[in-house]
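S.K.: Before anything else, here's the structure in question.
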Amino acid sequence: MTAIARTDPRDFLKDLTSSRAARLLRDALDRRWPATTDTADRLSTIHRYALLPAGKLIRPILMLESAAAVGGRPEDILPAALGLEYLHVATLVHDDIIDADEMRRGRPAVPLVYGLPDAIVAGDALIFTAFESITECRATGVSDSAIGTAIAVLARAGTDLCRGQVLEAQLVGDPGIDVDIYLEMIRLKTGALFRAVCEIGAILAGAEPAHCQQLASYGEHLGVAFQIRDDLLAYTTPAVVAGKSPTNDLANGRTTLPVLLAYQAGNRAQRRRLVEALNHRTADADALKDFHRLLEETGALERAPEHVAEHIRRARNQLSTLESSPSVAVLAGITHWATARQW
């Protein structure tokens, strides 16, 4: 795969999303979900709307680069990489239903456009299509044994993701929970899918078990770091850059890491304000401004990136014994991008 040498985070992202891996994925998505899709096939129409235009494609790019990092051919596992994008998009569709979000990637979300019942079914179908896509790698010469192992890994990641989602719902409105409980939640909800894409890429490429495990660990720590970064976006990055509304977490009462850290460090009055803001479930401009001020006063916005840095350090350590290659450089580059203060 193509090496990406730029170090500026914005330049790196530009290079990554125009890399050979990204082009392979976008071309394959366009072929699989053409604009000429029969409009009578409503399910396919919904899927195309959800999938295209594609986002950053970080997860399927990670799969292709993980395969290449252990000597595999990205083209041989392209169907599986698409499948993991289907699964990721399915989780976004379902998240928008759960959170009642109306916008996704700068336009009306699937549930708003097509209605809740069809959005639920479309998300479910994308999950099944993800498993089917892995089996398509038989045609490129991937062994049945590797395909079976990859499917098992994906199933385990899917179960973890669901456990994480349920745990997140249990934590709503309670900023006094232990940070370790929150970190376990995001390890399940977000880290599991990152873990799966990297591990499956290595498995389908025929890597030895030790390398598969290294890349799985790399992906999990990267995913945790990504989620913490996502927690911070509402407070550190303009919405037009972040690609998400700064009001979502507050309106839904989510106890993200900055909130937990603020509660830990806050005095009695600050803690009371945090609890009231989370449980009031309002996210107008004044409420958001006051909430942001609370996070700054308690030092939470400075402490949260320390957790990002720790998980990124662990992710990088997993790459240290892999043979140097352009793909390993890309995997390392993604960790540098994830620690940047601005995207």
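Per my numbering, the sequence shown starts with residue 8, numbered consecutively.
Just so you know, even glycine gets a beta-carbon here, dropped at the ideal spot from N, CA and C.
For P115, write down the residues that DSSP places opposite it in a beta bridge.
M.R.: For the purposes of this step, residue 115 is identified with residue 108 of the sequence shown, where counting begins at 1. M110.
S.K.: Does D34 come out as helix, strand or coil in the three-state DSSP assignment?
M.R.: In the sequence shown, residue 34 corresponds to position 27, counting from 1. In this structure, D34 counts as helix in the three-state DSSP scheme.
S.K.: Under a three-way DSSP split, which group does I210 fall into?
M.R.: For the purposes of this step, residue 210 is identified with residue 203 of the sequence shown, where counting begins at 1. Here I210 sits in helix by DSSP.
S.K.: If I184 and L178 are in contact, beta carbons under 8 Å, what's the gap, nearest whole angstrom?
M.R.: Counting from one through the sequence shown, the residue named residue 184 turns up at place 177. Counting from one through the sequence shown, the residue named residue 178 turns up at place 171. Contact flag correct, Cβ pair sits at about 6 Å.
S.K.: Helix, strand or coil: how does DSSP classify A339 here?
M.R.: Indexing the sequence shown from 1 puts residue 339 at position 332. Correct three-state label for A339: helix.
S.K.: Spatial neighbours of V335 within its chain, please: C-beta separation below 7 Å, excluding the five flanking residues on both sides.
M.R.: One-based indexing of the sequence shown puts residue 335 at position 328. Once the five neighbours on either side are set aside, the close Cβ partners of V335 are A76, L326 and L329.
S.K.: Considering only C-alpha positions, which residue in the set T342, S51, L89 and L85 is nearest to A61?
M.R.: For the purposes of this step, residue 61 is taken as the residue at position 54 of the sequence shown. Selected option, being the one with the closest Cα: L89.
S.K.: Would L91 and R111 qualify as a contact pair, given that the criterion is a beta-carbon distance under 8 Å?
M.R.: Translated into the one-based positions of the sequence shown, residue 91 becomes position 84. Translated into the one-based positions of the sequence shown, residue 111 becomes position 104. For L91 and R111, no; Cβs fall outside 8 Å.
S.K.: In whole angstroms, what separates the C-alpha of I154 from that of T142?
M.R.: If you number the sequence shown from 1, residue 154 lands on position 147. If you number the sequence shown from 1, residue 142 lands on position 135. Near 6 Å, if we compare the C-alpha coordinates of T142 and I154.
S.K.: Please determine, among L264, L211, A212 and A126, the residue with the shortest C-alpha to C-alpha distance to V186.
M.R.: Here residue 186 refers to the residue found at position 179 of the sequence shown. Measuring from the Cα of V186, the nearest candidate turns out to be L264.
S.K.: What does the alpha-carbon distance come out to for the pair N286 and L168?
M.R.: Within the sequence shown, residue 286 is the residue found at index 279, counting from 1. Within the sequence shown, residue 168 is the residue found at index 161, counting from 1. In a straight line, the C-alpha of N286 is about 25 Å away from that of L168.
S.K.: If you draw a straight line from the C-alpha of V247 to the C-alpha of D151, how long is it?
M.R.: By 1-based counting over the sequence shown, the position of residue 247 is 240. By 1-based counting over the sequence shown, the position of residue 151 is 144. Residue confidence is low: V247 scores 45 on pLDDT, short of 50, so the model does not pin down where it sits. Its coordinate-derived value is still stated next. Rounded to whole angstroms, V247 to D151 spans 44 Å at the Cα level.
S.K.: Look at L133 and L94 and say whether their C-beta atoms are less than 8 Å apart.
M.R.: Reading the sequence shown from its first residue, position 126 is the one you call residue 133. Reading the sequence shown from its first residue, position 87 is the one you call residue 94. Contact: yes.
S.K.: May I have the straight-line CA-CA distance separating A159 from D108, to the nearest angstrom?
M.R.: Position 152 of the sequence shown, counted from the start, is the residue given in the question as residue 159. Position 101 of the sequence shown, counted from the start, is the residue given in the question as residue 108. A159 and D108: Cα-Cα distance of roughly 32 Å.
S.K.: Please name the residue in S331, A294 and H228 whose C-alpha comes closest to that of E317.
M.R.: Translated into the one-based positions of the sequence shown, residue 317 becomes position 310. Nearest of S331, A294 and H228 to E317, Cα basis: H228.
S.K.: Exposed or buried, which one is E175 when buried takes at least 16 other CB atoms within 10 Å?
M.R.: Counting from one through the sequence shown, the residue named residue 175 turns up at place 168. By the neighbour-count rule (16 or more Cβ atoms within 10 Å), E175 is buried.
S.K.: With L329 as the anchor, note down where its alpha helix (DSSP H) starts and where it stops.
M.R.: Taking the first residue of the sequence shown as 1, we reach residue 329 at position 322. Here L329 belongs to no alpha helix (DSSP H), and DSSP marks it neither H nor E.
S.K.: Cutting at 8 Å between CB atoms, please list the residues of its own chain near D83, excluding the five before and the five after it.
M.R.: Indexing the sequence shown from 1 puts residue 83 at position 76. Closer than 8 Å at Cβ, skipping near neighbours: A74, C144, T147, G148, V149, L211 and A212.
S.K.: Name the two residues that bound the continuous alpha helix (DSSP H) containing D130.
M.R.: By 1-based counting over the sequence shown, the position of residue 130 is 123. Looking at the sequence shown, residue 130 is not Asp but Gly. Note, G130: alpha helix (DSSP H), L123 to T142.
S.K.: Might you give, ordered along the chain, the residues of its own chain that have their beta carbon closer than 6 Å to the beta carbon of Q221, omitting 5 neighbours on each side?
M.R.: As a working mapping, residue 221 is identified with position 214 in the sequence shown. Within the same chain, Q221 has close Cβ partners Q325.
S.K.: From the DSSP output, in three-state form, read off P81 for me.
M.R.: The residue you call residue 81 lines up with position 74 of the sequence shown. Looking at P81 - three-state DSSP - the assignment turns out to be helix.
S.K.: Runs of 4 residues minimum, wholly inside the region 283–329: which ones carry the alpha helix (DSSP H) assignment?
M.R.: The region 283–329 contains these whole alpha helix (DSSP H) runs: 292–304 and 307–326.
S.K.: Assuming R310 and L267 make a contact with CB atoms under 8 Å, what is their CB distance in whole Å?
M.R.: By one-based count along the sequence shown, residue 310 stands at place 303. By one-based count along the sequence shown, residue 267 stands at place 260. Contact flag wrong, Cβ pair sits at about 10 Å.
S.K.: What residue does the alpha helix (DSSP H) around R66 start on, and which one ends it?
M.R.: Translated into positions along the sequence shown, residue 66 becomes position 59. Taken as a continuous stretch (DSSP letters only), the alpha helix (DSSP H) holding R66 covers I65 to A76.
S.K.: With a 10 Å radius around its C-beta and 16 neighbouring C-beta atoms as the bar for buried, classify F298 as buried or exposed.
M.R.: Within the sequence shown, numbered from 1, the residue matching residue 298 stands at position 291. Looking at its Cβ environment, which holds 16 or more other Cβ atoms inside 10 Å, F298 is buried.
S.K.: Counting C-beta neighbours from all protein chains within 10 Å, is the total for F19 16 or more, i.e. buried, or is it exposed?
M.R.: Counted from its first residue, the sequence shown places residue 19 at position 12. F19 comes out buried.
S.K.: Please go through the same chain and pick out, in chain order, the residues whose beta-carbon is closer than 7 Å to the beta-carbon of G130, but skip the five residues on each side of it.
M.R.: Against the sequence shown, residue 130 aligns to sequence position 123. Closer than 7 Å at Cβ, skipping near neighbours: A97, V100 and H101.
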